[in-house]
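Colleague: Once you know that position 35 of the sequence shown is 34 in numbering that gives the first Met the number 0, the rest is easy, because the numbers rise by one and skip nothing. By construction, the Cβ of each residue, glycine as well, lies at the ideal position given by its N, Cα and C atoms. My structure is below; once you've seen it, I'll send some questions.
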Amino acid sequence: MDTAQWQAFARQFAQLSHRQRLASGDLLRTSAPQAAAITLIEQTAQAQLHCPACLS
0 MDTAQWQAFA
10 RQFAQLSHRQ
20 RLASGDLLRT
30 SAPQAAAITL
40 IEQTAQAQLH
50 CPACLS
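So this is what it looks like as structure tokens:
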């Protein structure tokens, strides 16, 4: 994703629950943040977030 896509994606995190935000923060601090973001969406928040990298 380019910078604008990452920024738009990050703005959506306010919609998540506190627990989901904590889990997503942990995932995004890993060595592969884009893969972690995709994992987060697939496992936790797919219905709540739109991610261009996931084609959702």
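Starting from residue 25 and walking both ways along the alpha helix (DSSP H), at which residues does that stretch end?
Modeller: Here residue 25 refers to the residue found at position 26 when the sequence shown is read from its first residue. Annotation for residue 25: the continuous alpha helix (DSSP H) segment containing it runs 17 to 27.
Colleague: Since residue 13 is in the alpha helix (DSSP H), which residue starts that stretch and which ends it?
Modeller: One-based indexing of the sequence shown puts residue 13 at position 14. Where residue 13 is concerned, there is no enclosing alpha helix (DSSP H), because DSSP gives it neither an H nor an E.
Colleague: Here's a check: name, in chain order, each residue in its chain whose Cβ is nearer than 8 angstroms to the Cβ of residue 20, leaving out the five neighbours to either side.
Modeller: Taking the sequence shown and counting its residues from 1, one reaches residue 20 at position 21. 12.
Colleague: Quick one, are the C-beta atoms of residue 34 and residue 8 less than 8 angstroms apart?
Modeller: Here residue 34 refers to the residue found at position 35 when the sequence shown is read from its first residue. Here residue 8 refers to the residue found at position 9 when the sequence shown is read from its first residue. It is not a contact, given that the beta carbons lie outside the stated cut-off.
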